[in-house]
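Numbering (this note's numbering), first residue to last: 66 to 312.
Glycine included, each C-beta is placed from N, C-alpha and C at the ideal position.
Right under this line is the structure:
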């Protein structure tokens, strides 16, 4: 009597596991990593591990509910992937799982889960500001993100970054949280200098001025925001120069 040979389960490749992770197939991800623990240390060409990849997926009900992303992230953390491990770094800035959830996944529920697990919110405000994700800004600040943290490269705070990228709704939210309106980056420019250079709307300039921004701080060329605004043809901008001069 012939015995049937038992077939070995198919070997999972990194690309196939990547598909499971990015579609948040939680149970399947756990089964694969238990069967092939050598896959746990895999990184993609940018240094991202399975947790980074899971965090950069946007939830999209009904096929990708936020709860599935949290479940997949939880399993990967239980397998020992680092809560704050960066995929890559640029100076002090680190592309952590939380940063991927905010900047790529735009997944507030997953970001909250990671923060509740103890994730460091540092440098994630830049991503939230760039996304104009006011809810994420509020969450990160509530969890201890420093409102005036700076990057080592250009010295910009999240507020200055929001202004530089014309995300004025984010800039206002950060000002409401106490951001310094007069912070200067390594180039010596304040938010007002940047906004005038970029021909930002007078309304946006007025908002920053309303939070106490000074107009008498000289830029690298010695000119102040008052000087720059006073030379404009637009009466609204010249009016702002007068307002700053009278402050």
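Subject >> Inter-residue spacing [alpha-carbon to alpha-carbon] between residue 249 and residue 105 >> reply: 43 Å
**OP:** Kindly indicate the opening and closing residues of the alpha helix (DSSP H) around residue 237.
**Re:** 233-241
Original post:
Buried or exposed: which applies to residue 78, given that a residue is buried once 16 or more other Cβ atoms fall within 10 Å of its Cβ?
Top reply: exposed
**OP:** Within its chain, find whatever has a CB closer than 8 Å to the CB of residue 120; leave out the 5 residues flanking it on each side and keep chain order.
**Re:** 134, 138, 162, 163, 165, 166, 169, 170, 172, 175, 179
**OP:** Give the single residue among 117, 272, 309 whose Cα lies nearest to the Cα of residue 150.
**Re:** 117
**OP:** Use the C-beta contact count for residue 244: other C-beta atoms within 10 angstroms, 16 or more gives buried, fewer gives exposed.
**Re:** buried
Subject >> Residues sharing a beta bridge with residue 159, DSSP >> reply: 154
Subject >> Residue interval of the alpha helix (DSSP H) (run including residue 260) >> reply: 256-262
Subject >> Reduced DSSP secondary structure (H/G/I, E/B, other) of residue 125 >> reply: strand
Original post:
Helix, strand or coil: how does DSSP classify residue 76 here?
Top reply: coil
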